[in-house]
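Scroll down for the structure; my scribbles are underneath it.
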Amino acid sequence: MDGKTALVTEQNVRNYGSASPPTEEEADDAAVPMSSRKALWAWLILCFSTGPTNGMVNSYVTASIQSAANAVGHIPGTNKPCARRGAIKCAVKLGGRDVDYLSYLLYLRSISRATEGIVSILASGLADFSNYRKTMMMASIYLFGVLALPFAGLTGNDYGHLNALSTLYVVISTVSGVYTVIEASYIPIFMRSVGWLGRGDASRLQDPEGTTPLAAKSVDKKTWIKGSKVSVLGLVSGNLGAMLGLLIGVIVTYTRGSYVKEGYFNFLLAISIGGCLTSTCKGWLPRILYTLH
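Read in order, the letters of the sequence shown are residues -12 to 280 in this note's numbering.
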């Protein structure tokens, strides 16, 4: 009698929905509400917010470093200043040796790419296997915007300011790689959900049991199409932010005076303005990232 009672009780507990623990898929759906339009728009705004500074880093920062190197450099074998136009032969010091001022920028790009690659690999591992995805993204975007602010003050024509520009360029390029990797890590999460253009059932990278090959192929195609759309929209949003920053830079450059009069200082000011645009989004980031897992 006791055995039967125990058997019935165990069966009732199994059939009682609230008593059984949630499956892995149910827990994943509750923790990753990425199928809503709100999550998609949050991610797109996030991509847009880094666009202005990213556009400045890839254009105005390198131009400013090249101009600063030309200003502090000298003609090889002499102490005469470098020419500004025509056939320019100019050397600057790098690591105790004289290098061509154009090669100086190439060295900086090589150093920044190396540090960006190492840090990005570490960041991608932490983003995938830890619970600090949002914290890492928020910190990297904050730092990315803040690092662009000091450029407007680096207007001196000496090696101290040139080294400061170079260091900021390497650091900000490294941070750019970190937030880019973490942003990209959200694309697979979007691919595991559906419904950002409407409501639907969750489709996953692993097909459930009993799924026919035709249905599995349809789900897989829908998943990859969604991932492609999310990726393309993220790129478009980031490029729109970059275009906004560059447009502001063009306005600043042509309203404050010509290059002959103001030098590359207009570029430095435009870079800091791009950093201000990214930093302005700081108040939105906690609310935006709250919708992302």
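Even for Gly, the Cβ is constructed at its ideal location relative to N, Cα and C.
(request) Return the Cβ separation of G262 and A135 in integer angstroms, given the expectation that the two are a contact with Cβ distance under 8 Å. (result) Right, their Cβ atoms sit about 3 Å apart.
(message) Using a Cβ-Cβ cutoff of less than 6 Å, which residues in the same chain neighbour F254 once the five nearest sequence positions on both sides are dropped?
(response) Y47, A50, S51, listed in sequence order.
(request) Kindly indicate which three-state DSSP category D81 falls into: helix, strand or coil? (result) Per the sequence presented here, residue 81 reads as Leu, with Asp not at that position. Residue state, collapsed to three classes: strand.
(request) Compute the Euclidean distance between the alpha carbons of I75 and C69, then round it to the nearest angstrom. (result) Between the C-alpha atoms of I75 and C69 there is a straight-line separation of about 7 Å.
(request) May I ask you to list the residues that DSSP assigns as paired with P68? (result) Among the bridge pairs identified by DSSP, P68 is matched with H61.
(request) Helix, strand or coil for T115, going by three-state DSSP, please let me know. (result) Reading the sequence as shown, one finds Asp at residue 115 and not Thr. The answer is helix: DSSP assigns D115 an H, G or I state.
(request) Consult DSSP for A18 and reduce its assignment to one of helix, strand or coil. (result) The predicted model places A18 with a pLDDT of 45, which falls under 50 and marks its position as unreliable, so this point remains unresolved.
(request) Taking E170 and L81 to be in contact with their CB atoms under 8 Å, please state how far apart those CB atoms are, rounded to whole angstroms. (result) About 33 Å separates the beta carbons of E170 and L81, which is beyond the 8 Å limit, so they are not a contact pair.
(message) What residue range does the alpha helix (DSSP H) around K121 cover?
(response) 120 to 134 is the extent of the alpha helix (DSSP H) around K121.
(request) Tell me where the alpha helix (DSSP H) around Y166 begins and ends. (result) Y166 -> alpha helix (DSSP H) spans 146 to 171.
(request) Would you mind sorting L234 into buried or exposed? The rule is 16 or more other CB atoms within 10 Å of its CB. (result) Around the C-beta of L234, fewer than 16 other C-beta atoms lie within 10 Å, and the residue is accordingly described as exposed.
(request) Within 10 angstroms of the Cβ of A229, are there 16 or more other Cβ atoms? Answer buried if so, exposed if not. (result) Classification for A229: buried.
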